[in-house]
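Protein chains: 2
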Amino acid sequence: MNLNIALIGTGTIGSGVVEILKNNSELIEKRTGVSIILKKVCELDFSKAKKLGIDEEILTKDYKEVISDKDIDVVIELIGGYEPARTIIIEAIKAGKNIVTANKAVIARYGDEIFKAAAENNVNVNFEAAVGGCIPIIKAIKESYASDKIKAIYGILNGTTNFILSMMEEGMSYSDSLKKAQELGFAEADPSFDVEGKDTAHKIVILSRLAYNSMIPENIETTGISELKMPDIMYAKELGYKIKLLAISKLENNELDIRAGPVMVPIEHSIASVNNEINAVYLIGEQTKETMLYGRGAGKLPTATAVVSDIVDIAKRNKGYYTFFNEIKLKDQDEVMARFYLKFMLIDKPGSLAKITKILGDNNISINAAVQKEEDKDVVPVVVITHKSLNKNIKKAIEEIEKLDSVKEKPVYLMIEDF
Amino acid sequence: MNLNIALIGTGTIGSGVVEILKNNSELIEKRTGVSIILKKVCELDFSKAKKLGIDEEILTKDYKEVISDKDIDVVIELIGGYEPARTIIIEAIKAGKNIVTANKAVIARYGDEIFKAAAENNVNVNFEAAVGGCIPIIKAIKESYASDKIKAIYGILNGTTNFILSMMEEGMSYSDSLKKAQELGFAEADPSFDVEGKDTAHKIVILSRLAYNSMIPENIETTGISELKMPDIMYAKELGYKIKLLAISKLENNELDIRAGPVMVPIEHSIASVNNEINAVYLIGEQTKETMLYGRGAGKLPTATAVVSDIVDIAKRNKGYYTFFNEIKLKDQDEVMARFYLKFMLIDKPGSLAKITKILGDNNISINAAVQKEEDKDVVPVVVITHKSLNKNIKKAIEEIEKLDSVKEKPVYLMIEDF
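This is how it looks when you write it as structure tokens:
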């Protein structure tokens, strides 16, 4: 079976797709019966495309030429970002083309519009590469667990930040870790989208819509790692935890607790063993219990492998879009109950600690463990692990504690994710 | 889209399928557009089937009644074992039925015959549940990595033995661990198929045929765990290793090193963190690098979830059988190079150790580390970690060492898998 495709964009992932089709087309056809033919490539910079060995004859700078080509079955959008990606996708769908994309931003923001258009025009939109690179998490949720009710999703979904946190655990500073990530090509020149947790947030929104068949809004509670301090990573380690930028999406009584940010995870949990640039998704299903999928979440060939699998699936008519039939309420993040890690920098004089424990007690926060780090200084760190407490109580207590004369620096608090 | 199915066998997995269809049929249809209708159930013990709430009208004791029913699209074979499973599958295929099975034995032994018949009759045979329970490893290899060349597969594919090994690490004896596994329902009354590694061997053969598109023979080098001794598990732990019953299938220069048996794995490797009854598959692909899929490899609902996903896939026409177009030579297991763990029980007198090191040296085996466990006894254990050595040299040296008067008990040797 022949499948004619067009590529929009020949950046990192696009060049990976070209490379795989060049090297492994015969293998793909023997395995799947699908012969993928690259009919057109849209790229503003022809010299870039020609370096990949793409024939000038199939090159164009105008995406409309791709869309108006009646022979093309599938349009592969690999330019990323919101626009013109959205416009190209919508126009291509209206022209009856199937879509494959690796673009999490456009799917998170315009997914609803895109999938409605796809349903109306009876075409597929596949986006395996948008979350977790080559980890087949979209397929697992949509197909393998089609009969299961997912109860929770936990994800390490951003390689840049996971790499930085792994380096910091080894004692490297945040800025050196970020620099190393940039040198190795894991981090962008402007890393803010990654380190502020926005990329992670997009991805957990996409997975949650699929898993819960509900139109989860794009903007969820998101915290980054740029303000994380080394001592907290070290204290966490001593206490038996790792700090991970975790995407969390838990369904309880039809209320969804969804957020992305740094939390502490017990060191013996599988998710804590996911290091460096590796991504992982840990699912809890009613029938399947705990499952974890783990692999390269980024990079040219891993991501391009996911794109090519989406192309083959289109030939086999696998429907690759959301269906929304559930209405789910989002949990008020102030009402989240968890254990917390707190760190205060205290002036070492009698009564300092008593004031803090009083404020915690007044706010219904009870202490599981408290350690005053012995240091030969006037200001000493005090680390507290609480029992289960309400997020809003912690925030209120922290606000009050911050105002004490005996407290220097901004107090640190991190949720402990007990799974 | 309606899909009429028939179930053969209502044991553990069959009852799980019935339960899922009863509880989640509406969910499955909303998500996938496929309405699964249970048309017939073949079971010798009607009372067992009726307890599951199956209507007597659709019950039969004669599988031929299922096969001759023109309305049935898919036959779900869940009786296990070689026969009559093979006969039922082949006859059903010839009658134009698609097949879903969870039966690794029949696929490992008769896969070639079954898939040839399926191709001739243009039907699908899906078997996701046969390997790794609800872990979507068949789908990952066949679909997600359709464009990638797999270089190695490492699997913990038998929950019973992984559970026993995990208990032994905690200090429980082999027989107590086995008893506990049986009490918890992880192990059969006759556990030999599991503990001797045969189940693991079947599964790695199935995965390898898919990954390498080659007709790997059913019988591969297989060792069990029934002769593993507690001290070796403890010595391994001290040295930074875990002993796992690992399925290994590595392709190098078109030669396949395939085996199933206990090996030592470095404790920091992800596969070492897979404990208790959990299964995992660790893949190395040319494009995707390292991927790991981890989850429940057995149990009623996890396995039934995989069966139901196979049923839905048939409605979507996902081809679920092997295509063989590669010829691969199997590696002579004597020629495998690895580091080894050796343990000897030595009579504690001058010159005992020297004799052993001489035999090792004469067989081209060099020593990386040797520890004589200090014990106040006449016979003391000596543990040796070798540098990379040839399997056949190790075997020959062990044979010679076993004959020494100063050596009591059978020496122990385990390969160290360095990935």
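Line order of the protein sequences matches chains A and B.
Read in order, the letters of the first sequence are residues 0 to 418 in numbering that gives the first Met the number 0.
Read in order, the letters of the second sequence are residues 0 to 418 in numbering that gives the first Met the number 0.
From the three backbone atoms N, C-alpha and C, an ideal C-beta is built for every residue, glycine too.
- For F324 (chain A), the closest Cβ of chain B is nearer than 8 Å.
- Taking the beta carbon of K29 (chain A) as reference, the chain B residues within 8 Å of it are N212, T322, F324, listed in sequence order.
- Closer than 8 Å to the CB of Q286 (chain A) there is at least one CB belonging to chain B.
- Using a CB distance cut-off of 8 Å, N275 (chain A) does not count as an interface residue toward chain B.
- The C-beta of V122 (chain B) comes no closer than 8 Å to any C-beta of chain A.
- Judged by beta-carbon spacing, L2 (chain B) lies within the 8 Å limit of I35 (chain B), meaning their Cβ atoms are closer than that value.
- Our two residues, S405 (chain B) and K342 (chain B), have alpha carbons roughly 14 Å apart in a direct line.
- Annotation: K47 (chain B) to S14 (chain B) spans about 9 Å, alpha carbon to alpha carbon.
- Taking a beta-carbon distance threshold of 8 Å, Y234 (chain B) does not count as an interface residue toward chain A.
- For K29 (chain A) and V307 (chain A), the gap between their C-alpha atoms comes out near 15 Å.
- Take the alpha-carbon of V335 (chain A) and the one of E254 (chain A): they are about 11 Å apart.
- Rounded to the nearest angstrom, the gap between the Cα atoms of H268 (chain A) and Y62 (chain A) is 47 Å.
- If you check the CB distance, I92 (chain B) and T100 (chain B) do not come in under 8 Å.
- Our two residues, I247 (chain B) and V381 (chain A), have alpha carbons roughly 49 Å apart in a direct line.
- For the 8 Å CB-CB criterion, V65 (chain A) and R85 (chain A) do not form a contact.
- DSSP, reduced to helix, strand and coil, places D333 (chain B) within a helical segment of the structure shown.
- When C-beta atoms of the segment 353-367 of chain B are compared with those of the segment 294-307 of chain B, fewer than three pairs fall below 8 Å, so the two segments do not count as touching.
- The segment 75-129 of chain B contains, as complete alpha helix (DSSP H) runs of 4+ residues, the segments 84-93, 103-119 (chain order).
- Around K21 (chain B), the same chain offers G52 as residues with beta carbons nearer than 8 Å, after the five sequence neighbours per side are excluded.
- Comparing C-alpha distances from N125 (chain A) to each of A:D68, A:K348, A:Y321, A:D347 shows the shortest one belongs to A:Y321.
- Ranked by how close their Cα comes to the Cα of T31 (chain A), the residues B:V40, B:G294, B:K348, B:A145 have B:A145 in first place.
- The beta carbon of I19 (chain B) sits closer than 8 Å to some beta carbon of chain A.
- When the alpha-carbon of I283 (chain A) is set against those of A:K357, A:E398, A:E182, A:Y211, the nearest one is in A:Y211.
- When secondary structure is reduced to three states using DSSP, R316 (chain A) falls in the coil class, being assigned neither helix nor strand.
- Annotation for V381 (chain B): the continuous beta strand (DSSP E) segment containing it runs 378-385.
- Annotation for K141 (chain B): L209 place their beta carbon closer than 7 Å to its own, counting only its chain and skipping 5 residues before and after.
- Residues of the same chain with a CB within less than 6 Å of the CB of K328 (chain A), apart from the 5 flanking positions on each side, are E254 in chain order.
- With a beta-carbon spacing of about 6 Å, V130 (chain A) and K103 (chain A) fall inside the 8 Å limit used to define contacts.
- Interface annotation for the segment 191-210 of chain A against chain B: empty, criterion Cβ-Cβ distance under 8 Å.
- Annotation: the continuous beta strand (DSSP E) that includes N3 (chain B) extends over 1-7.
- In the assembly as shown, Y81 (chain B) is an exposed residue. Its beta-carbon has fewer than 16 other beta-carbons within 10 Å.
- Interface with chain B (8 Å Cβ-Cβ cutoff): T9 (chain A) is excluded.
- Judged by their CB atoms, V194 (chain B) and S225 (chain B) are nearer to each other than the 8 Å cut-off.
- Collapsing the DSSP output to three states places F324 (chain A) in coil.
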